[in-house]
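To start, the structure under review is shown below, and the notes come after it.
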Amino acid sequence: MCSSHPNCCSRSRLTPATRSSPTPCSSPDAPASTDSQAAFPPPRASRFRSSGDSLDRAPTIRLQHGSERPVARRPPPPTVPLLLFAEPLQQAGLRSWLEAGDSGWRVISDPASLDGAPKLVLWSLAAHPEPEALEIELRLLQERWQPAPVLLLLPRRHGYSGSFLLRLGVAGLLEDPQASGLIEAVRVLLAGGRVLELADPAATTGPEVPAGPVLGLGGWLLLSGLQQIDAELGVCARLLDPPPASPFSRLLLQGRQRELLCARRLLLWLWGPLQMAWPEPPLTAEASPGPTAASGSGLPSMASGALAITLRQRNAEGLWQALRQRLEQQASHAPDNHSGQLLALEGLAPERRRDLLLALLEQFAQLRDRLRHALAEAPSDGGAAQALPADRLLQAWRTLQPDLRREALRQLAGTYVQLPRDGVLTPVAEQLLAVSDLSESEPELPDPEAMLTALVQATPLLVEGRLLPPDEPQALLYLELLLANWLVRNAERISAEVLAASADWPELRRYLLRPDLLSTRNLERLRNQLNAQQRWSSWVVRPIQIYESRRPLYQLQAGAIACVDLSEPRDRELRQLGPLQQLVTLALETRDAVAPQLQALVRGLGDLLVVLLTQVVGRAIGLVGRGILQGMGRGVARDRAAQ
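Take the sequence shown: its letters are residues 114 to 756, numbered as in this note's numbering.
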């Protein structure tokens with residue numbers, strides 16, 4: 114049967130002789146020499162391969178002068194082998210995700226089928242082994258398929274803690290990934306990066322009420338009273354929306370609201386700390402400031418939300434891009450204050466708060482580029498310039514810090530913005546720079562050497578007693594904490610200068626501050642509270658923190674500014690304290706020295722008092738009672754005998 118004529122063999126019935134010697138089809142225009150030639154036209158020589166041609170013959174093209182030139186076969190596109198360890202059902206699903214489209218990946222589930230080494234090893238965890246067993250398996254897997262990176266896929270409810278997962282040291286870690294997230298993670302890992310995505314523990318385990326600290330009598334009275342007042346205020350607000358038709362009822366509800374607000378202010382004045390005295394929003398689960406978190410490592414808590422880190426390059430530039438992306442995302446939400454302290458940054462309008470943090474981050478990026486170029490252009494002849502790169506970085510860092518703050522303040526105010534001041538249009542940025550003092554360094558900032566060398570030269574970091582490369586998740590989170598603390602403290606410094614300048618410039622309050630700070634009383638109250646808090650912190654709180662080797666660090670997390678304590682030696686700062694601050698530390702040392710003896714003395718006095726009450730006084734009371742009972746019994750016996 115001819116391929117070009119699928120129905121040609123059914124036109125006429127062939128004779129036996131014709132069937133025994135079939136001839137190719139012939140053209141209908143050819144002369145009919147025989148019956149078979151009339152029935153089958155000759156073949157077209159230009160389109161069909163003859164039976165003698167080899168199937169492996171290379172294709173050719175005909176040139177203009179009649180010769181033929183062979184055409185090279187196009188090699189098949191290269192495929193990237195991916196080794197997958199998973200359950201059979203999971204293998205089918207993951208294979209369909211990874212091999213879909215023109216990805217160029219070939220998923221192999223049997224190591225014996227590999228032709229060479231895999232480019233990536235994927236392990237989808239179905240069971241939940243013990244943490245120690247999981248660490249051992251991952252280490253063996255990395256040693257077996259080195260240098261291929263390992264991507265660990267976890268189910269939704271795996272039961273492992275966030276701190277344990279950060280210590281695993283795998284190149285990729287995804288929790289309950291989707292198709293798009295898995296494909297993007299594979300691309301990043303094949304390009305030499307790292308990926309870490311963990312879901313929110315609250316979303317996987319359900320809502321959980323955090324266990325707060327044990328409250329004393331004052332705290333219990335404050336919280337219970339505020340809760341009752343907030344409930345009554347909510348009832349009054351619902352009754353006033355819409356307002357009642359009777360004016361008497363409306364006046365009664367408004368008077369009730371005023372009474373509740375006065376009671377709230379009285380409670381805050383009696384029992385509330387300094388940072389709760391202003392402002393006075395209703396306490397809710399979202400807006401109430403939490404206690405200051407204490408952490409030995411200072412790393413962000415994994416229980417506070419999801420964690421997603423994508424490191425496309427394992428060098429200083431890749432580290433900076435990953436950190437900048439995460440901090441820009443946190444700062445763009447105009448974070449609220451959940452640090453438990455009163456911040457001058459709260460006085461700015463939310464959009465100005467966001468602009469200030471982003472401006473500081475942009476200035477840090479420019480400063481980092483300048484330091485990197487200066488270090489690259491430094492002589493490398495083995496002299497002191499090469500031996501002490503950290504000293505050059507620190508010197509340039511300290512020199513450029515005041516200029517960095519001034520440029521951030523200029524971006525916050527606007528370069529070309531003018532506001533009326535005493536009837537004259539005045540450039541806001543120039544006036545703020547003229548009255549602000551941004552040259553002094555912040556004493557609570559930690560030593561920037563570790564942060565600078567890691568972000569400029571990608572040097573290892575010492576985190577929790579381990580020397581880690583900067584691309585490790587724990588080191589990256591530590592760098593993020595240091596950089597966020599630098600952002601918040603510099604923003605706090607600039608905000609304090611803005612508040613001071615706004616006291617004499619009412620038009621500036623409308624431009625930069627919150628609406629409720631248009632009132633002079635509210636603004637001055639905030640400034641006085643900030644000054645009182647600063648003095649108390651400088652005289653009492655800071656010496657205690659230095660003596661206890663604690664350093665408070667601010668972090669940007671979940672759209673809020675939180676505070677954690679980093680444990681580090683501060684002996685040099687302890688020796689630089691003033692006389693009054695030294696007295697505070699001396700009082701702490703005296704208490705620590707005398708406390709055990711006093712406790713032993715009080716415990717001995719208590720034991721002696723127990724012995725006196727039980728053995729002496731109690732026995733004497735028992736003897737007296739027994740004598741009374743015996744006397745009463747004898748009297749009753751005599752009365753009966755007399756009768």
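By construction, the Cβ of each residue, glycine as well, lies at the ideal position given by its N, Cα and C atoms.
Ranked by how close their Cα comes to the Cα of L195, the residues P201, Q203, V654, D223 have D223 in first place. Rounded to the nearest whole angstrom, the CA to CA distance from F277 to Q668 is 21 Å.
Cα atoms of V653 and V697: separation of roughly 7 Å, rounded to the nearest angstrom.
Closest in C-alpha terms to L266, from the list R627, A240, P260, L253, comes A240. Assigned with DSSP and collapsed to three states, Q531 falls in strand.
Here the alpha carbons of A675 and L470 stand approximately 15 Å from one another. With distances taken between CA atoms, D560 lies nearest to W599 out of Q531, W599, S209, P260. Under the 10 Å beta carbon count, P360 is surrounded by fewer than 16 other beta carbons and is classified as exposed. Under the Cβ criterion (8 Å, minimum of three pairs), the region 625-637 does not count as touching the region 655-670.
Leaving aside the five residues that flank P463 on each side, the residues in its chain whose CB is nearer than 7 Å to its CB run, in chain order, A447. For S237, the secondary structure class from DSSP, reduced to helix, strand or coil, is strand.
With respect to L545, V611 sits close: the two C-beta atoms are nearer than 9 Å. When the Cα atoms are used, R467 and A457 turn out to be separated by approximately 14 Å. Contact check for A472 against A521 passes: the beta carbons are separated by less than 9 Å. Here D752 carries a helix assignment [DSSP, helix/strand/coil].
Collapsing the DSSP output to three states places D228 in coil. Residue burial annotation: Q454 is buried, with at least 16 other C-beta atoms found within 10 angstroms of its C-beta. Between the alpha carbons of L736 and L722 lies a gap of roughly 20 Å. Residue pairing by DSSP puts V220 in a beta bridge opposite L195. A contact is defined here as three or more CB-CB pairs under 8 Å, and the region 480-489 fails this definition with respect to the region 537-553. Judged by their CB atoms, G294 and L287 are nearer to each other than the 9 Å cut-off.
Taking the C-beta atoms as reference points, L233 is found no nearer than 9 Å to A213.
Between the region 569-582 and the region 519-533 there are fewer than three inter-stretch CB-CB distances shorter than 8 Å, so the stretches are not counted as touching. Annotation: S549 is outside any beta strand (DSSP E) and is labelled neither H nor E by DSSP. Around the beta carbon of Y529, fewer than 16 other beta carbons sit within 10 angstroms, so the residue counts as exposed. The closest CA to that of L436, considering only A376, P586, N450, is found on P586. Following the DSSP letters along the chain, one finds A563 inside the alpha helix (DSSP H) bounded by residues 562-570.
For the set P573, A421, A750, the Cα lying nearest the Cα of Q670 is the one of A421. The DSSP-derived three-state label of N635 is helix. Here the alpha carbon of N641 sits roughly 21 Å from the alpha carbon of H451. In this structure, DSSP gives Y667 an extended state, which the three-state scheme calls strand. By DSSP's assignment, T423 forms a beta bridge with V308. Taking the Cα positions, T566 is about 11 Å away from R505.
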